Amino acid sequence: MELLSHSGQPLDLIVVGGGAAGYMGAVTAAAEGCCSVLVLEATNKPLEKVQRSGGGRCNVTHACWEPEQLAANYPRGSRPLRGPFSRFAVADSVAWFADHGVPLVEEADGRMFPLANSSSVVVSCLKQAAKKAGVHILTKKAVTSLKYQGQKGFLVGCRDGSLFEAKKVLLATGGHPSGRYLAASLGHKIEQPVPSLFTLSLDAPFICACPGIALDNVCLILEASGQSFKEMGRVLITHWGLSGPATLRLTAFAARSLHLAGYQTELIVNWLGNSSRETVHSLLNSFRYKHATRTMGVVKPFSTFPKRFWIALLEQAECDPKKKWADFSRYSQNKLAETIVSSKYFINGRGPFGEEFVTAGGVMLGEVNLSNMESRKITGLYFAGEILDIDGVTGGFNFQHCWSSGWLAGKAIIK
Ligand SMILES: Cc1cc2nc3c(=O)[nH]c(=O)nc-3n(C[C@H](O)[C@H](O)[C@H](O)COP(=O)(O)OP(=O)(O)OC[C@H]3O[C@@H](n4cnc5c(N)ncnc54)[C@H](O)[C@@H]3O)c2cc1C
Numbered sequence: 084m085e086l087l088s089h090s091g092q093p094l095d096l097i098v099v100g101g102g103a104a105g106y107m108g109a110v111t112a113a114a115e116g117c118c119s120v121l122v123l124e125a126t127n128k129p130l131e132k133v134q135r136s137g138g139g140r141c142n143v144t145h146a147c148w149e150p151e152q153l154a155a156n157y158p159r160g161s162r163p164l165r166g167p168f169s170r171f172a173v174a175d176s177v178a179w180f181a182d183h184g185v186p187l188v189e190e191a192d193g194r195m196f197p198l199a200n201s202s203s204v205v206v207s208c209l210k211q212a213a214k215k216a217g218v219h220i221l222t223k224k225a226v227t228s229l230k231y232q233g234q235k236g237f238l239v240g241c242r243d244g245s246l247f248e249a250k251k252v253l254l255a256t257g258g259h260p261s262g263r264y265l266a267a268s269l270g271h272k273i274e275q276p277v278p279s280l281f282t283l284s285l286d287a288p289f290i291c292a293c294p295g296i297a298l299d300n301v302c303l304i305l306e307a308s309g310q311s312f313k314e315m316g317r318v319l320i321t322h323w324g325l326s327g328p329a330t331l332r333l334t335a336f337a338a339r340s341l342h343l344a345g346y347q348t349e350l351i352v353n354w355l356g357n358s359s360r361e362t363v364h365s366l367l368n369s370f371r372y373k374h375a376t377r378t379m380g381v382v383k384p385f386s387t388f389p390k391r392f393w394i395a396l397l398e399q400a401e402c403d404p405k406k407k408w409a410d411f412s413r414y415s416q417n418k419l420a421e422t423i424v425s426s427k428y429f430i431n432g433r434g435p436f437g438e439e440f441v442t443a444g445g446v447m448l449g450e451v452n453l454s455n456m457e458s459r460k461i462t463g464l465y466f467a468g469e470i471l472d473i474d475g476v477t478g479g480f481n482f483q484h485c486w487s488s489g490w491l492a493g494k495a496i497i498k
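Position one of the sequence shown corresponds to residue 84 (our numbering), numbered consecutively onward.
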């Protein structure tokens, strides 16, 4: 058995998983005075997701300063996170990274990135902080068993046969099934994991024929498994359907319902946000008289629609773009207005994942004390990061939850 502490005594803390949450937990615990902290990482690349995150720039957090407002960005965990966020939230992350030599900057949409604009600086920062705090990191140590020995702490077994003893354990294995298995082996209930933050694959041939077009202020509505979801914002048209922030937010909030519905349901799109049929009708009425001699596909009444997209909408509404506005029938006008404010497309599955991908589901929150991330079932067992049944929308919220939960666990462990 490997003990790794100088005295031959069990280690103070073993962190299972060398990701964002695990590093934050380990560094905080060590900095608080935990003498022997060991991180066991299954792969040979700790912090791999941080490295790949945000398209290689790492969207560290989001400029959302109020705990309640911040918590609203978590489809799972929204209410329970208000407490933890009142102790460690965005301003604390910003200060933590600045103190460790990584100033963050805010982009126009609120996302926060390192000033150096590279995820490598975040990875180096966490690795250096761990080194400075005296945290040991062992790679290629996939933990396969976790045994609770009461007062004596935990026996942690790895796939290669090595065995470690620790007084406390922090499980921070992200969305990997092995972590959920370890938690379940100690009696924790697991909310079934399902994907979140994916794009939508649609039966929408006209729209999909104009990939690359981004539109702001689009309203998306879907109903799945008896629940309805609505999002408004920027969408990106792709050759398979829809992506962009509003789509990702919609699939995050509807993740579980969509999973239950087999990712097959109807999506209603108002391409003009909240505009009503009546508003669109009156716009079309005045436009057709004003531009009677002009061609419908050439002069368009909606300046925010790019031409390619406008023609796709006309074709979807069975209006010939080559016709003059004077020949635009009442029937066609009804059909076009309907297409603009209430296009119905069939969702035929998940599209590829966006830049970010997380698992919804994990260790059920009712069995964890979220003020210190300790298990309510097993003394000395802690959780942080994506292993918990908490996930955020895209934009830096998922890392924020890792920093918060890792920090809270690290602070509590020394006590
Ligand atoms: C491509 C991509 C880009 C993303 N970009 C962003 C972004 O810019 N901003 C943002 O907020 N979120 C982003 N996310 C989400 C974010 O990466 C995750 O929410 C976050 O990494 C979760 O951190 P974690 O520490 O809980 O888990 P992870 O980062 O997954 O770390 C868990 C670690 O545990 C290890 N492990 C698992 N099982 C075991 C075991 N049994 N024994 C030992 N080790 C084990 C894994 O190898 C891994 O290293 C992105 C996700 C992806 C996939």
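C-beta: ideal position from N, C-alpha, C; glycine also. For clarity, every value in this text was computed on a predicted model and none was experimentally measured.
Residues bridged to K427 (per DSSP): Answer is I351.
Residue range of the unbroken beta strand (DSSP E) whose run includes Q275: Start and end: I273 to D286.
Residues that G316 bridges to, as DSSP identifies them: Assignment of beta-bridge partners to G316 by DSSP yields V301.
Whole-angstrom distance between S161 and A58, CA atom to CA atom: The question about residue 58 has no answer here: the residues shown for the chain are numbered 84 through 498.
Backbone secondary structure at P260 - three-state DSSP: DSSP places P260 in helix when its eight states are reduced to three.
Close-in-space but distant-in-sequence residues of the same chain around L343 (CB under 6 angstroms, 5 per side omitted): Within the same chain, L343 has close Cβ partners S308.
CB-CB length for G479 against V143, believed under 8 angstroms: Contact holds; Cβ gap of about 6 angstroms.
Residue(s) in a DSSP beta bridge with E189: According to DSSP, which records beta bridges pairwise, E189 is partnered with M195.
Limits of the unbroken beta strand (DSSP E) element including K230: Per DSSP, K230 belongs to the beta strand (DSSP E) from V226 to Y231.
heavy atom of ligand 1 below 7 angstroms from V99 C-beta: At a cut-off of 7 angstroms, the beta-carbon of V99 counts as near ligand 1: some heavy atom of the ligand is closer than that.
Contact test: N142 Cβ vs ligand 1 heavy atom, cutoff 7 angstroms: True, at least one ligand heavy atom lies under 7 angstroms from that Cβ.
Sequence-distant residues of the same chain with beta carbon closer than 6 angstroms to L350, five excluded per side: For L350, the CB contacts under 6 angstroms within the same chain, skipping 5 residues up- and downstream, are L305, Y428 and I430 in chain order.
Backbone secondary structure at F411 - three-state DSSP: Here F411 sits in coil by DSSP.
Chain-order list of residues whose beta-carbon lies under 6 angstroms from that of Q416 (same chain, five-residue window excluded): Excluding the 5 residues flanking it on each side, Q416 has same chain C-beta neighbours closer than 6 angstroms at L367, in chain order.
Where D474 falls, given that 16 or more other Cβ within 10 Å makes a residue buried: Buried is the call here.
C-beta atoms of L123 and V226 nearer than 8 angstroms: Cβ distance < 8 angstroms, so L123 and V226 count as in contact.
Cβ neighbours of E499 in the same chain (closer than 6 angstroms, five flanking residues each side left out): This structure leaves residue 499 out entirely; the chain is present only between 84 and 498.
Which listed residue (R433, A146 and P163) has its alpha carbon closest to that of S176: Looking at the Cα atoms, A146 is the closest of the given residues.
Cβ neighbours of R242 in the same chain (closer than 7 angstroms, five flanking residues each side left out): Around R242: A225 and T227.
L367 (DSSP reduced to helix, strand or coil): The answer is helix: DSSP assigns L367 an H, G or I state.
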